Structures are given as C-alpha cells and as structure tokens.
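One structure is given below, encoded as structure tokens.
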Amino acid sequence: MLPSDIIAEILSHLPVKTLLQFRCVSRTWCSIIDSQSFIKMHLHQSTATNSYHSLILGSLGKGLYSVDLDSLDKAHVVKPPVSYKGFDIISNSCNGLILVMSDPLVPPVLWNPFSRKYKILSDAPIEYPARLLCLSQVFYGLGYDSRNNDYKVVRVVEFCKDTSRAWVCSTTEIYSLKSNSWNRVPVFPYPLPHMNENSEKWDVHVVHGALHTLVEDFLHVYSAKSFRIMAFSVENENHYEVMLPPNIQIKDAIMKLDVLRGCLCLVCASNARVNNIWVMKEYGVEESWTQLLSVGPPSILSFWKSLAYLKPLAYSKNGEKVLLNCDEKRLVWYDLSRKTIRNVNISGLPNKFYPEVCVESLVCPGSPEEGDGVKIHEQEKGKEKKIKKNREEFLSEGSSWCGK
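Have a look at this one:
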C-alpha cells in the first residue's frame, strides 16, 4: 500500500465530487480527505493550477446556477441549502465558500456548494446609532484570516434619515467562525457600492487577505480623488486605501472594481462605450497597474450594440484570452493578442445573471478547529431544508438537527 502522503498528493489533483465519493473507499482514504492538511493541500493545488473553478450565478431571486469554467457548456440549477422564496447570493466567494440569504428576517447561511455543507450564522441584532434614523442597506463580505486560520464575515449596516434615503452613517461588525460571535470594528467611512442597481449585493472583492471595494469620495468631485479603493483587512480588522492607476481618466466614467486570478482589476467605462480594464500585477504597488485591454467602437459594435459594462471573470488556460460578462446578459472570450471577441453559448442560462467565480474546495463552512461544538449541516442531495420566516422558529429548527 502506498504511503499516506503519496495518496494525499495523488488525491489532491481530483475534483471535489470525486473526492467525496472516494471517502467510501476505506477508512484511511476518508481520514486523509477529511483532514485539515489535505483540505489546504487540495485548495492550494486547485488555485495554483487554475483548476476546478466554477461560475456560481445569481439571477435576482430566480434561482442559483453553476457553470463549469473548463467546459462552459451548460448551466446547472443549484439547490440552495435552505429553502425560501427569493434565495440569493449576498457575498463574494472565498476559498469555495459563499454567503446566501433568503430574507432579511433570517440569518445568512455560509455555504460550500461543492461539498454541500452549510452553517447558519448566529444572530446579531442591528443596533441603531441614533434616533430618527432608518435602516437603509445591509451588506456582507467574506474573507479568510490566514494568520489565525479563521473565516470571517463582515457586515456593514447603512442608515439614512427617515425623511430621505441619503446615507448618514454606517456600523461595521465582523463575525468569526472560530469564536462563533460578532464584534464591532472601526466604522466604514463611505457609503458602499451595490453590485448593480437591482441588487442588494455589496460589490466587494477579496485580494491579499482583505476585502476591497470602490467608493466615491463626494468631497473631490471630477478629480482623480473622486474614487477610492478602500480595503478592510480581516486579519488586522482595520481599513486602508489602495491607490488607483496613475493618470487614469475617470471624469464622466463608470468605474467598477473586480478581481482577476488573484489580482485587483479596475474597469473604467466611458460615455463613448469604451471599456478599459486595468490590472494591479503586484499588490499595493501603484506603478504595477497595467492596462490589460481596451474594448469599444468600432469592433464591439458588430457584436453588441449598446454595451455599458464588461466584467472580467477568468483567463483561459493558456492565458491568451479573458472571459468577460457583458452587461450581466452574456459571456464572451476576448483574445488579448488578436483583439477579437467570441460569444460563449451556454445552454440553460437565465436572461440576466451575475456570476461569481468560485474554486471547488472541501473547506468546511465552520471553524477549522475540530471539536469546537459548532454544528455543521449537510445538505441532502436533491432536497432543501425548509425554513420559516419567523426568526425564532427558524433558529429553533436550525439548531435542532444535524446532518450526516
């Protein structure tokens, strides 16, 4: 029989679905696959080789879908871990985990759609900082604290005056899976951007162990400082700024922040329907910003008559093409050298969707520490756990059962 370390090395190259099946081969294999060291090895292997990535697609309350990035042939309906009308993605992805929610009255669910394990987060009542304020928005972000081996959820609650919808202030809290508790952290100093005008999802991206978001500084309108990239370190639990590309033209432009294979990227769409995509090749180094591509008339008009925004998703295996999402309606490959666009035909896609690139992993949506007492549920294949809208009934039901 092969040594355990050799078996682990071989198994680390396999997809999650196969690994879950191989747990039944023997106790030794099951022990290897379930170990924290193997889970980290498998995640590192998939990330380093750009293997086993999927698109998890939300469609504004119309269901969740997944598309394999290697084949890009068919969209599969994904059953959410718990069932309620309007179930949707509310966070970025992080090491195979995402946050989903069905209703503001119930806690969000941390979910690994590949292992089908999930955890209902502990409740955290929203505290109003002052009288005569109304709740405006609640945003969630997800990150990994590598120093403490802890996954953390950031919740930003925005408040407005009861006489208007204008932003007044925010509160920021962070949830630790290790401690299974919420704590207050320094307030985020700017109103946060939505992913789009119809979504409640925070436009946030994880790079270098921090959550990054593009905010507008209303004190410096029509200047290079009218936009800022703000970051929140989940390790140190503090905010800091990341510099924009030098001399970037942003007047009258629509700007969005994204991440492309672990690097921050900035999309700048002008009124002339030109999309410029910049990539920060070395994190934190302003001079490392490089313009990856520029797409616009006349080449784009033959393909898309009224393009407003391109979202970069992934590179091809050889790095010669970039997969782009066009106005949340279709996917295309952009050839970086030939500067040509090819439509990607995927059966089963909804008419409008927003994709989240997610690496397949065995990461458990609970504390990485064993024996922490936190119950992790396992989604039954083909079934959804029913939840009730009443918060107390929901929490009671969620804590009274445990998966296999």
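Position 380 of the sequence shown, counting from 1, maps to 380 under UniProt numbering, and the rest follow consecutively.
Don't be surprised by glycine CBs; every beta carbon is placed ideally from N, CA and C.
Quick caveat: nothing in here was measured; it's all calculated off a predicted structure.
Check                                                                                                                                                                          : Outcome
Please tell me whether GLY63 and VAL78 are closer than 9 Å, where the distance is taken between their beta carbons.                                                            : yes
What's the C-alpha gap between CYS134 and TYR118?                                                                                                                              : 32 Å
Specify the secondary structure class of GLY398 as computed by DSSP and reduced to three states.                                                                               : Summary for GLY398: the model assigns pLDDT 33, below 50, so the residue's position carries little reliability; its value from the coordinates is reported in the next sentence. In the structure shown, GLY398 sits in a helix (DSSP, three-state: H, G or I).
With three or more C-beta pairs closer than 8 Å as the rule, is the region 205-213 touching the region 141-161?                                                                : yes
What is the C-beta distance between HIS212 and VAL242, in whole angstroms, given that I count them as a contact (C-beta under 8 Å)?                                            : 7 Å
Return the CA-CA distance between ASN183 and LYS339, expressed in angstroms with no decimal places.                                                                            : 48 Å
Give me, in chain order, the residues of the same chain whose beta-carbon lies closer than 6 Å to that of PHE188; leave out the 5 immediate sequence neighbours on both sides. : VAL156, SER170, THR172
Run the CB neighbour count on GLU158, radius 10 Å, all protein chains shown included, and call it buried at 16 or more, exposed below.                                         : buried
Looking only at its chain, what residues have a beta carbon closer than 6 Å to the beta carbon of LYS17, apart from the 5 residues adjacent to it on each side?                : none
Output the distance between the C-alpha atoms of VAL154 and LEU2, rounded to the nearest integer angstrom.                                                                     : 43 Å
With respect to the beta strand (DSSP E) encompassing residue 431, which residues constitute its N-terminal and C-terminal limits?                                             : In the structure as shown, the chain begins at 1 and stops at 404. Residue 431 is therefore absent and cannot be evaluated.
Are the CB atoms of SER288 and ILE277 nearer to each other than 9 Å?                                                                                                           : no
Please report how far the alpha carbon of GLY284 lies from the alpha carbon of LEU266, in whole angstroms.                                                                     : 14 Å
Tell me the DSSP secondary structure of CYS169 in three-state form.                                                                                                            : strand
In the DSSP assignment, the alpha helix (DSSP H) including GLU9 goes from what residue to what residue?                                                                        : 4-11
From the DSSP output, in three-state form, read off LYS17 for me.                                                                                                              : helix
Quick one: what does DSSP say ILE90 is sitting in, helix, strand or coil?                                                                                                      : coil
Return the chain-ordered list of same chain residues with a C-beta closer than 7 Å to the C-beta of LEU19, the five sequence neighbours on each side being excluded.           : LEU11, ILE33, LEU362
Measure the C-alpha to C-alpha separation of PRO80 and PRO246 and round it to an integer number of angstroms.                                                                  : 43 Å
For the beta strand (DSSP E) containing residue 406, list its first residue and its last residue.                                                                              : Since the first residue of the chain shown is 1 and the last is 404, residue 406 is not available in this structure.
Does the distance from the C-beta atom of PRO113 to that of TYR52 stay below 9 Å?                                                                                              : no
LEU323 and LEU331 look like a contact to me (Cβ under 8 Å); what is the Cβ gap, rounded to whole Å?                                                                            : 6 Å
Select from SER93, LYS256, ALA166, PRO125 the residue whose C-alpha is nearest the C-alpha of SER54.                                                                           : SER93
In three-state DSSP terms, what is PHE22?                                                                                                                                      : helix
Take GLY348 and list the residues in its own chain whose beta-carbon comes closer than 6 Å to its own, dropping the five residues that flank it on each side.                  : LYS74, ALA75
Only counting the same chain, and skipping five residues up and downstream in sequence, which positions put a Cβ closer than 7 Å to that of ARG228?                            : VAL215, ASP217, GLU241
Would you report the Cα separation of PRO312 and GLN249, rounded to the nearest angstrom?                                                                                      : 20 Å
Between the beta-carbon of LYS161 and the beta-carbon of LEU192, is there less than 9 Å?                                                                                       : no
For LYS40, which option in SER146, LEU244, GLN137, LEU292 has the closest C-alpha, if you only look at C-alpha atoms?                                                          : SER146
According to DSSP, simplified to helix, strand and coil, what is GLU328?                                                                                                       : coil
Among HIS13, TYR309, ASN238, which has the Cα closest to the Cα of HIS44?                                                                                                      : HIS13
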